[in-house]
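This note's numbering numbers the first residue of the sequence shown as -8 and each following residue consecutively. Below is one structure; the comments refer to it alone.
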Amino acid sequence: MNFIFNRAGSRTFRQKKSSGGGDFSKNGGGCGGAVLSSGGCILPPEAAGTLGSGDLKQAVRLPTGEDLCEWVAVNTVEFFQQINMLYGTLAEFCTDTTCPIMSAGPRYEYYWADGQTVKKPVKCSAPRYINNLMTWTQNQLENEAIFPSKIGVPFPPNFLKVAKAILKRLFRVYAHIYNVHFREVQLLDEATHLNTSFKHFVYFVLEFDLVRSAELEPLQAVIEVLTAPKPDRPVPTSYRNSGGGSSGNLHHKGGAPPPQANSVVPPSSVPPPPPPAPPALPPSTHRP
């Protein structure tokens, strides 16, 4: 059963009280005027307004009086839903045949392991990896011990560690889409939607240091364009892929053991982004 079309949007997260006071019952159903998504009450009014204006850098900042874990939780749910919907429109193009490995360009390959049912990292196709990822993420979001839905129930001490693992893995779906499926994104006229979603994601994880810079390297050139204060070139609506997936996270040649789960090996050359790519470097030796 395909996760994208059968499980998306089933999560209901705790509703949030307004930090600014006032009666918002006519605009938010008791959620303080927040924007509602299919998962419940997500963003408070001060953040929702900046989303509409395009000021995403301002929108991700922790609102006055807001709890950090609560803010990370509601945004993590939102990003999960955004990525789920984005990938859902491309699922017919991402198959075991077209994407036999989960890659982010020719220098990054991701192996799947969840540390529980799959402890040893295994190589798998992109759709299988993403289906495993979305199912695993859904299970984390529905775990009341990690993402409590009742107001007043505290977050566990390891909450931010779990949230970081979720966001790190969700980034890989963006990376796969940009590097492998951007042609389909263009054909579906979804480039602006993808760029806006990813820009929002990047500002958020950078604001709170939730994803290591090494993990972001597959899309570093795109990130630089999207987050430039005064870009001298347009936001990317095209993305030239430098080849089908090979290694990156990483397949070890010569019978070497597979990489550790969720590790990333820096590329020897950055996949060509919308702006001119930097000069290619000599091939690097893959490390676990």
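Beta carbons are placed, not taken as given, at the ideal position from N, Cα and C, and that holds for glycine.
Query                                                                                                                                                                : Result
For Val113 and Ile92, I'd like the C-alpha separation in whole angstroms.                                                                                            : 11 Å
Tell me, please, which residues DSSP counts as bridged to Val113.                                                                                                    : Trp103
Spatial neighbours of Ser188 within its chain, please: CB distance less than 6 Å, with the 5 preceding and 5 following residues excluded, ordered by chain position. : Gln73
How would you label Thr126, buried or exposed, when you count the other beta carbons within 10 angstroms and need 16 or more for buried?                             : exposed
Mind the definition here: the stretch 146 to 153 touches the stretch 84 to 99 only if three or more C-beta pairs lie below 8 Å; say whether that holds.              : no
If we count the other Cβ atoms within 10 Å of its Cβ and call it buried at 16 or more, is Pro118 buried or exposed?                                                  : buried
Name the DSSP bridge partner or partners of Ser94?                                                                                                                   : Glu100
Please state if the CB of Asn66 and the CB of Phe173 are separated by a distance shorter than 8 Å.                                                                   : no
Below 8 Å, can you find three or more Cβ-Cβ pairs linking the stretch 159 to 174 to the stretch 70 to 85?                                                            : yes
What number of angstroms, rounded off, separates the C-alpha of Ala82 from the C-alpha of Leu161?                                                                    : 16 Å
Is Arg52 near the ligand SAM, in the sense that its beta carbon is under 7 Å from a heavy atom of that ligand?                                                       : For the structure depicted, the ligand SAM is absent and the ligand set is empty, with no information on it obtainable.
With burial defined as no fewer than 16 other Cβ atoms inside 10 Å of the residue's Cβ, what is the status of Thr183: buried or exposed?                             : exposed
When DSSP labels each residue in this structure, what does Lys141 get in the three-state scheme?                                                                     : coil
Using a threshold of 8 Å, state whether the C-beta atoms of Lys159 and Glu208 are closer than that.                                                                  : no
Nearest to Leu47 by CA position, among Ser204, Tyr169, Val213, Asn186, is which residue?                                                                             : Asn186
Judging by CA-CA distance, which residue of Asp200, Trp103, His191 is the nearest neighbour of Leu124?                                                               : Trp103
CB-CB under 6 Å to Asp85, same chain, minus the five flanking residues each way: which ones, in chain order?                                                         : The sequence shown places Cys at residue 85, rather than the Asp named in the question. Cβ neighbours of Cys85 beyond the five flanking positions: Ala117, Pro118.
With a 10 Å radius around its C-beta and 16 neighbouring C-beta atoms as the bar for buried, classify Lys155 as buried or exposed.                                   : buried
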